[in-house]
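J.:
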Amino acid sequence: MTAGKQAELQIVWHQVTVIERFSSVLYPLDILELLKQIPTIGYVVPELVLRGTLEAGKPIATKGDVELIIDQDKKTVGVKGRDPDNAVESFQELRQFCLERLDPSPGLTTQYVEFDGQGWAKSEKDPTEICSRFWASYTPLRDLGRMLEADVTNFGLQLVPSNKDPNDPEWFHIYIEPLIFSSRRRYRLRCIWRGSDLEQLLMKFSKVEDSLERLISKIEG
Numbered sequence: 496m497t498a499g500k501q502a503e504l505q506i507v508w509h510q511v512t513v514i515e516r517f518s519s520v521l522y523p524l525d526i527l528e529l530l531k532q533i534p535t536i537g538y539v540v541p542e543l544v545l546r547g548t549l550e551a552g553k554p555i556a557t558k559g560d561v562e563l564i565i566d567q568d569k570k571t572v573g574v575k576g577r578d579p580d581n582a583v584e585s586f587q588e589l590r591q592f593c594l595e596r597l598d599p600s601p602g603l604t605t606q607y608v609e610f611d612g613q614g615w616a617k618s619e620k621d622p623t624e625i626c627s628r629f630w631a632s633y634t635p636l637r638d639l640g641r642m643l644e645a646d647v648t649n650f651g652l653q654l655v656p657s658n659k660d661p662n663d664p665e666w667f668h669i670y671i672e673p674l675i676f677s678s679r680r681r682y683r684l685r686c687i688w689r690g691s692d693l694e695q696l697l698m699k700f701s702k703v704e705d706s707l708e709r710l711i712s713k714i715e716g
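Numbering (this note's numbering), first residue to last: 496 to 716.
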């Protein structure tokens with residue numbers, strides 16, 4: 496975020512995950528070997544985890560505020576953090592580690608990589624008023640309002656690929672809407688983005704704040 500924008504819009508992330516889903520029939524990584532070796536890149540693995548005992552609600556490995564996340568049923572591996580840049584860098588480091596240290600099958604392919612970021616943005620403008628103004632000239636909404644005998648609007652904005660199934664591996668879903676508990680000052684943000692082009696997607700993930708800033712700037716006029 497540039498210094499000029501920082502005074503107008505502040506983005507705070509609660510959670511950011513970056514995961515890779517494999518297309519293999521079986522889970523392609525040796526998890527025990529992964530957990531034994533991952534301390535070599537700075538992760539801390541609890542002793543109980545190495546003994547095969549998982550503690551409910553606790554991460555299996557951490558590096559600072561980044562958590563390792565593994566789901567054998569969904570055939571995914573990735574990281575969870577609180578900052579998009581750090582999460583992307585940590586994911587790249589983890590992926591390189593897995594390729595170099597675990598020697599996965601040469602035929603291993605990626606079904607998709609997914610970014611999921613949740614947080615809020617604080618603006619100098621009123622998000623509730625902005626959303627009402629943004630949709631004010633949209634005739635179909637006025638028609639729906641007449642059916643309800645009320646002046647209605649759309650409470651925010653959701654963007655997805657046109658005419659595409661949400662289960663498609665190539666998908667995005669961006670939420671920008673007034674935050675219920677602070678609707679006059681903050682936007683609720685969520686950005687889900689997935690696809691199979693690893694390099695292109697990681698570049699998008701690292702620029703997610705710039706993309707959201709441009710969208711909010713457009714909405715606010």
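By construction, the Cβ of each residue, glycine as well, lies at the ideal position given by its N, Cα and C atoms.
Just to confirm before moving on: does the CB-CB distance between Val-583 and Leu-693 stay below 7 Å?
T.: Along the sequence shown, read from residue 1 onward, the residue named residue 583 stands at position 88. Along the sequence shown, read from residue 1 onward, the residue named residue 693 stands at position 198. In this structure, Leu-693 does not lie closer than 7 Å to Val-583 by Cβ.
J.: Which partner residues of Gly-576 appear in the DSSP bridge assignment?
T.: Within the sequence shown, residue 576 is the residue found at index 81, counting from 1. DSSP output for Gly-576 lists Val-511 as bridge partner(s).
J.: With DSSP as the reference, label Gln-653 as helix, strand or coil.
T.: As a first step, residue 653 must be located in the sequence shown, where it is residue number 158. Three-state DSSP puts Gln-653 in a strand.
J.: Taking the alpha helix (DSSP H) that Gln-613 belongs to, which residues open and close that run?
T.: Sequence index remark: in the sequence shown, residue 613 carries index 118 (1-based). Unbroken run through Gln-613 is the beta strand (DSSP E), 605–618; no alpha helix (DSSP H).
J.: Can you name, in chain order, every residue of its own chain whose Cβ lies under 6 Å from the Cβ of Ser-518, other than the five neighbours on each side?
T.: The residue labelled residue 518 in the question sits at position 23 within the sequence shown. Excluding positions up to five away in sequence, the list reads Thr-604, Gln-606.
J.: Does the beta-carbon distance from Gln-505 to Lys-617 come in below 7 Å?
T.: Locating residue 505 in the sequence shown gives position 10, where the first residue counts as 1. Locating residue 617 in the sequence shown gives position 122, where the first residue counts as 1. Yes; because the gap between Cβ atoms is below 7 Å, this pair is in contact.
J.: If you follow the alpha helix (DSSP H) that Gly-640 is part of, which residue opens it and which one closes it?
T.: On the sequence shown, position 145 is the one that residue 640 refers to. Per DSSP, Gly-640 belongs to the alpha helix (DSSP H) from 634–643.
J.: Taking buried to mean at least 16 other C-beta atoms within 10 Å of its own C-beta, is Gly-716 buried or exposed?
T.: Within the sequence shown, the letter at position 221 stands for residue 716. The residue is exposed, with fewer than 16 neighbouring Cβ atoms inside 10 Å.
J.: Is the separation between the beta-carbon of Tyr-522 and that of Gln-567 shorter than 7 Å?
T.: Your numbering for residue 522 matches position 27 in the sequence shown. Your numbering for residue 567 matches position 72 in the sequence shown. Inclusion of Tyr-522 and Gln-567 in the CB contact set at 7 Å is warranted, their separation being smaller than that value.
J.: On the three-state DSSP scale, how would you describe Leu-527?
T.: Working through the sequence shown from its first residue, we reach residue 527 at position 32. Correct three-state label for Leu-527: helix.
J.: Provide the residue(s) that pair with Gln-505 in DSSP beta bridges, ordered along the chain.
T.: Residue 505 sits at position 10 when you count from the first residue of the sequence shown. Answer is Lys-617.
J.: Using a Cβ-Cβ cut-off of 7 Å (strictly less than) and excluding sequence neighbours within five positions of Val-507, which residues of its own chain qualify?
T.: Here residue 507 corresponds to residue number 12 of the sequence shown, with the count starting at 1. Cβ neighbours of Val-507 beyond the five flanking positions: Gly-614, Trp-615.
J.: Could you tell me the distance, in whole angstroms, from the CA atom of Ala-645 to the CA atom of Trp-688?
T.: The sequence position of residue 645 within the sequence shown is 150, counting from 1. The sequence position of residue 688 within the sequence shown is 193, counting from 1. Straight-line Cα distance between these residues: approximately 35 Å.
J.: Can you check DSSP and say which residues form a bridge with Trp-666?
T.: Start at 1 with the first residue of the sequence shown, and residue 666 comes out as number 171. Residue pairing by DSSP puts Trp-666 in a beta bridge opposite Arg-689.
J.: Which class does Thr-535 belong to by DSSP, given the choice of helix, strand or coil?
T.: Within the sequence shown, numbered from 1, the residue matching residue 535 stands at position 40. Looking at Thr-535 - three-state DSSP - the assignment turns out to be helix.
J.: Taking buried to mean at least 16 other C-beta atoms within 10 Å of its own C-beta, is Tyr-682 buried or exposed?
T.: As a working mapping, residue 682 is identified with position 187 in the sequence shown. Residue burial annotation: Tyr-682 is buried, with at least 16 other C-beta atoms found within 10 angstroms of its C-beta.
J.: Please return the same chain residues whose Cβ sits closer than 8 Å to the Cβ of Val-520, not counting the five positions on each side in sequence.
T.: Position 25 of the sequence shown, counted from the start, is the residue given in the question as residue 520. Excluding sequence neighbours, Val-520 sits near nothing in its chain.
J.: Within 8 Å, do at least three Cβ pairs link the region 591–605 to the region 556–565?
T.: No, the region 556–565 does not touch the region 591–605.
J.: Alpha carbon to alpha carbon, what distance is there between Asp-705 and Ala-498?
T.: For this step, residue 498 is matched to residue 3 along the sequence shown. For this step, residue 705 is matched to residue 210 along the sequence shown. Caution is warranted here: a pLDDT of 41 is assigned to Ala-498, below 50, making its placement in the model unreliable, and no coordinate value can be reported.
J.: Glu-503 to Tyr-670, Cα distance in whole Å?
T.: Along the sequence shown, read from residue 1 onward, the residue named residue 503 stands at position 8. Along the sequence shown, read from residue 1 onward, the residue named residue 670 stands at position 175. Each residue's Cα considered, the two are about 20 Å apart.
J.: Could you round the C-beta distance between Pro-622 and Ser-678 to whole angstroms and report it? I think they count as a contact, below 8 Å.
T.: Position 127 of the sequence shown, counting from 1, holds the residue named residue 622. Position 183 of the sequence shown, counting from 1, holds the residue named residue 678. Correct: roughly 6 Å between the Cβ atoms.
J.: Buried or exposed for Arg-516, please, with buried defined as at least 16 other CB atoms from any protein chain shown within 10 angstroms of its CB.
T.: Locating residue 516 in the sequence shown gives position 21, counting from the first residue. Classification of Arg-516: buried, given that the 10 Å Cβ count is 16 or more.
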